[in-house]
Amino acid sequence: MSKLVIEAGKADRQYFKDLLAYRELFLLLAWRDVLVRYKQTIIGVAWSVLRPLLTMIVFTIVFGRLAKMPSEGVAYPILVFAALLPWQFFSNTVNEGGNSLISNANMISKVFFPRIIIPTTSMLVSLIDFLISILILSALMVWYQHVPTWKVVFLPLFLGLAAITALGVTYLISALNVKYRDFRYVLPFIIQFGLYISPVGFSSSVVPDNWRLIYSLNPMVGVIDGFRWAIIGNTQMYWPGFFLSVGLAGLLLIFGFGFFRSVEREFADVI
Amino acid sequence: MSIIKVENLSKKYIIGHDRHAGSAYRYQSLRDTVAHMARGLYQRLRHPLSPNTENTEIEEFWALKDLNFEIQPGDRVGIIGRNGAGKSTLLKILSRITEPTSGRVEIDGRVASLLEVGTGFHPELTGRENIYLNGAILGMRRAEIRRKFDEIVEFSEIEKFLDTPVKRYSSGMYVRLAFAVAAHLEPEILIIDEVLAVGDAAFQKKCLGKMEDVSKKGRTVLFVSHNMGAVIDLCSRGFLIESGRVAMEGSARGVVRKYLSSTITKSTHKSWTHEAAPGDATCKLRSLTVCQENEPILGSALISSPVQICVSIDVETPANELGLTLLVSDSEGKVIVHTSSMMNRRLRTPDRGQHFLKATLPAYLLNSGDYIVSVVSDIPNNRIIFDEENVISFDVSLDCEEVGRYPANSWTGATGPGIVEWARWEGQDEFPPVP
């Protein structure tokens, strides 16, 4: 049994060891959240199916039919749904994760565990919704007789990028939420705003070429373009923008994690 | 080789005072107050221009200051002290929930802390699911929980409801399940905060018994409680913490005695001016006196006549129901008498104005010894108006000739020998009476 030393500002030495030691708690908390979510099975699953489906229908009508945006050679619902997959994964994670520390305040003030487990858990829960959405997309692709190319094997990579982006933002927001309690009222606005500035309802090819690099400052642009590239198969990737997005997503994660770490030690005192 | 070594441990909180809070609201403990004030401070930092800024003062508060101690493996240490002395902060630092401001702690073993029963219980989940969840939160491995699962279920006495969501449990069942999980923790070091205050008496006893088993297996236990009887029963050593420092260290019994004698005023009477009186806008405590035959006692109370505890309160806003509770404890903190003015229907709704109440304890109810009186006033099921611990004390001495024939300390009962009536059997029937 190794000796545990507690000193002011010296928690870092044990940090990653603790993370490893508490991996079971991490899985159990994720299991709890999934269980609670789907406890009323019909409502839980129906909600995970209906939400992306309804959003897809609205976006298809507004952007595809009314605004007549280009569809990259596939049925417009598939274009929209390929983007909705990562977007909903991102927004669910940020939304749930952002408020997760507050809703588990009691645990934080009574038990020790690496606090980062809590917001990270919400990503696993969103992953379940993501998998349900993948099934819907498969059904759509069968319906529209769209056969994916070999590129689809890269989908997990882009999912990883989506996870990195979502976690970076979630860490930042969840920590801010503890520090400033009315931050939670800002959160829905941030998510809504993100939807407007991300190419969910339309293809990012409609953005003028000289603006695309700037547009890619939003890391979700790279994620969504990647998903469309992997699923649709014949879209053009704007690689400089993609790598900019990847770099920014990485920086966001490092910054979000760092900020979380710096605020984490006072959580129990202020929550 | 010590298992826990604490060196110069200090913890500072920054608190903001709200001058408008007044005395209308009373906090249960300073810990809550600190948390409340810290929150208030953040609110103000966020709205620096809001008009109530001038109502706050920022102040540093040292919950712990240069604390030093060592604990040996197998020690069962009771930590006692007044509210706000820093006990809970110490436990939080040892449990790694919060960081110290300075100083160093070395811990040589696996720690499990129980600062609350049922942490992380989710109402939607079943008893079975919550056992796994709560066990993991308390630091048990899944394999360990699986191994002890049947034992936990048996201990909790809720087998039939194992697959019912805990939101449908009665509060007693809930506490029993939560305790059952906690009681099966097997760390090298077990840290327990005031958690035994909940649950029914029989189950509390069962838990204390289980914890004693745990400590007999050579585990180290740190136990914070206001229940001095439990501290003496469970612990071998005691620490008395006063304003963030260890004021005394020794046997549990010795430390409890010292604590109780330091907290009580050696006086059979206490009164307050209207301004200084404990209480709020509803009711204020003005005086407390021990009397016999309607006269304040001077030296000791005599065992052969009733003891009267006389209370004077000012009711300023008549409430629907107002209770006055008296607790008489012995020198080891064990409550001997716990009674309330609610017992008398006519006293339940006092009018505005000053009231003088008298609680009479029959002769011989208390055996010879030292007693401490605490007084609490509350609006039932609503809030506590004041809670004054260990306000006055008195001692009872043997006075009648009959009991005086024996050495003074030979009467060991909680009650005096004369409370029992002895007589010759005078029934017409055969002796002994057959049911």
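For the protein sequence lines, the chains are L and P, in the order given.
Just so you know, the working numbering puts 48 at position 48 of the first sequence, and the rest follows in order with no gaps.
Here the working numbering = 1-based position in the second sequence + 271.
Where a beta carbon is used, it is the ideal one built from N, C-alpha and C, also for glycine.
Because the structure is a prediction, the values reported are computed rather than measured.
Residue i and residue j: beta carbons closer than 7 Å?
{"i": "L/Pro119", "j": "L/Gly97", "result": "yes"}
{"i": "P/Ala501", "j": "P/Lys481", "result": "no"}
{"i": "L/Leu172", "j": "L/Pro114", "result": "no"}
{"i": "L/Lys3", "j": "P/Asp346", "result": "no"}
{"i": "L/Trp87", "j": "L/Val200", "result": "yes"}
{"i": "P/Gly604", "j": "P/Leu556", "result": "no"}
{"i": "P/Gln625", "j": "P/Asp658", "result": "no"}
{"i": "L/Gly233", "j": "L/Phe158", "result": "no"}
{"i": "P/Glu660", "j": "L/Lys39", "result": "no"}
{"i": "L/Thr121", "j": "L/Leu29", "result": "yes"}
{"i": "L/Leu251", "j": "L/Leu167", "result": "no"}
{"i": "P/Arg439", "j": "P/Leu461", "result": "no"}
{"i": "L/Ile271", "j": "L/Ser109", "result": "yes"}
{"i": "P/Gly521", "j": "P/Ala334", "result": "no"}
{"i": "L/Ala175", "j": "L/Phe112", "result": "no"}
Going along the chain, which residues of its own chain have a beta-carbon closer than 6 Å to the beta-carbon of residue i, five neighbours each way excluded?
{"i": "L/Arg37", "result": "Gly44"}
{"i": "P/Leu448", "result": "Gly398, Ser427, Ile429"}
{"i": "P/Phe450", "result": "Val388, Cys478"}
{"i": "P/Gly687", "result": "Ile574, Tyr635, Asn638"}
{"i": "P/Glu377", "result": "Lys276"}
{"i": "P/Arg302", "result": "Legend: pLDDT at P/Arg302 = 48, less than 50; position of this residue unreliable, value from coordinates given subsequently. Answer for P/Arg302: Ser359, listed in chain order."}
Over what stretch of residues does the alpha helix (DSSP H) that includes residue i continue unbroken?
{"i": "P/Thr596", "result": "First-last for P/Thr596: 594-601, but that is the beta strand (DSSP E), not the alpha helix (DSSP H)."}
{"i": "L/Ile136", "result": "117-143"}
{"i": "L/Asn99", "result": "76-103"}
{"i": "P/Phe450", "result": "442-454"}
{"i": "L/Arg37", "result": "23-37"}
Taking 8 Å as the limit between beta carbons, can you name the residues of its chain near residue i, skipping five residues before and five after?
{"i": "L/Gln145", "result": "none"}
{"i": "L/Leu137", "result": "Ile78, Phe81, Ala82, Leu85, Ile231"}
{"i": "L/Leu195", "result": "Trp87, Ser91"}
{"i": "P/Ala407", "result": "Arg413, Ile416"}
{"i": "L/Leu187", "result": "Val94, Asn95, Gly98, Asn99, Ile173, Asn177"}
{"i": "L/Leu292", "result": "Given that chain L is displayed from residue 1 to residue 271, the structure contains no residue 292 of chain L and the question cannot be resolved."}
{"i": "L/Thr149", "result": "Gly233, Asn234"}
{"i": "P/Glu230", "result": "Because chain P in this structure spans residues 272 to 706, residue 230 of chain P falls outside the shown range and cannot be described."}
Since residue i is in the beta strand (DSSP E), which residue starts that stretch and which ends it?
{"i": "P/Asp504", "result": "Premise fails: P/Asp504 lies in the alpha helix (DSSP H), 499-505, not in any beta strand (DSSP E)."}
{"i": "P/Asp421", "result": "Looking at the DSSP string, P/Asp421 is not in any beta strand (DSSP E); the run it does join, the alpha helix (DSSP H), is 413-427."}
{"i": "P/Met519", "result": "516-522"}
{"i": "L/Ile224", "result": "Per DSSP, L/Ile224 belongs to no beta strand (DSSP E); it is in the alpha helix (DSSP H), 219-232."}
{"i": "P/Ser542", "result": "540-542"}
{"i": "P/Ser273", "result": "Premise fails: P/Ser273 is in no beta strand (DSSP E) and is neither H nor E."}
{"i": "P/Val667", "result": "654-668"}
{"i": "P/Arg616", "result": "Segment: none, P/Arg616 is in no beta strand (DSSP E) and carries neither H nor E."}
{"i": "P/Gln625", "result": "624-632"}
{"i": "P/Phe510", "result": "508-513"}
{"i": "P/Arg790", "result": "Residue coverage of chain P in this structure runs from 272 to 706, which leaves residue 790 of chain P outside it and unanswerable."}
Whose C-beta lies closer than 7 Å to the C-beta of residue i among residues of the same chain, with five residues either side of it excluded?
{"i": "P/Tyr445", "result": "Gly389, Val437"}
{"i": "P/Lys419", "result": "His455"}
{"i": "P/Arg297", "result": "Model confidence at P/Arg297 stands at a pLDDT of 29, short of 50, so the residue's coordinates are unreliable; what they give is reported in the following sentence. Asp551, Ile655."}
{"i": "P/Met519", "result": "Leu511, Val526, Lys529"}
{"i": "L/Asn99", "result": "Asn177, Arg184"}
{"i": "L/Trp47", "result": "none"}
{"i": "P/Glu278", "result": "Asn339, Gly374, Arg375"}
{"i": "L/Gly64", "result": "Ser71, Tyr76"}
{"i": "P/Tyr284", "result": "Val305, Ala309, Phe332, Ala334"}
Positions along the region 371-395 of chain P whose CB lies within less than 8 Å of some CB in chain L: Of all residues in the region 371-395 of chain P, only Pro371, Thr372, Ser373, Gly374, Arg375, Val376, Glu377, Ile378, Asp379, Gly380, Arg381, Val382, Ser384, Leu386, Glu387, Thr390, Gly391, His393, Glu395 come within less than 8 Å of chain L when Cβ atoms are compared, listed by chain position.
Below 8 Å, how does it come out for the region 561-581 of chain P and the region 627-644 of chain P: are there three or more Cβ pairs, yes or no? yes
Indicate whether the contact test is met: 3 or more Cβ pairs, each with one atom in the region 353-367 of chain P and one in the region 388-406 of chain P, closer than 8 Å. no
Short of 9 Å Cβ to Cβ, which residues in the region 87-116 of chain L face chain P? Asn104, Asn106, Met107, Ile108, Ser109, Lys110, Val111, Phe112, Phe113
Listed from N- to C-terminal order along the chain, which residues in the region 344-369 of chain P have their beta-carbon within a distance smaller than 8 Å of any beta-carbon of chain L? Lys363, Ile364, Leu365, Ser366, Arg367, Ile368, Thr369
Count the CB pairs spanning the region 59-67 of chain L and the region 117-135 of chain L that are closer than 8 Å, and state whether there are at least three. no
Answer yes if the region 334-352 of chain P comes into contact with the region 500-515 of chain P, meaning at least three C-beta pairs across the two stretches below 8 Å, and no otherwise. yes
Three or more beta-carbon pairs under 8 Å between the region 644-658 of chain P and the region 590-607 of chain P, yes or no? Touching, per the Cβ criterion.
Report yes or no: do three or more beta-carbon pairs, one from the region 564-572 of chain P and one from the region 612-628 of chain P, lie closer than 8 Å? no
Taking any Cβ of chain P, which residues in the region 137-166 of chain L have a Cβ under 7 Å from it, in chain order? Look at the region 137-166 of chain L: it has no residue with a C-beta under 7 Å from a C-beta of chain P.
In the region 396-408 of chain P, which residues sit with their C-beta less than 7 Å from some C-beta in chain L, listed in chain order? Leu396, Glu400, Tyr403, Leu404, Ala407, Ile408
Can you give me, in chain order, the residues of the region 166-189 of chain L that have a beta carbon less than 8 Å from any beta carbon in chain P? Residues are counted here when their Cβ sits less than 8 Å from a Cβ of chain P; for the region 166-189 of chain L these are Lys179, Tyr180, Arg181, Asp182, given in chain order.
By the 7 Å beta-carbon criterion, what residues does the region 255-268 of chain L contribute toward chain P? Arg265, Ala268
Scan the region 5-28 of chain L for residues whose Cβ lies nearer than 8 Å to a Cβ of chain P and list them as they occur along the chain. Residues passing the 8 Å Cβ filter: Val5, Ile6, Glu7, Ala8, Gly9, Ala11, Glu24, Leu25, Leu28.
Quick one: which residues of the region 34-59 of chain L get their C-beta closer than 7 Å to a C-beta of chain P? List them in chain order. Leu35, Val36, Lys39
When Cβ atoms are compared, which residues of the region 410-441 of chain P fall closer than 7 Å to chain L? Result list: Arg412, Arg413.
Positions along the region 441-453 of chain P whose CB lies within less than 8 Å of some CB in chain L: Within the region 441-453 of chain P, no residue has a Cβ that lies closer than 8 Å to any Cβ of chain L.
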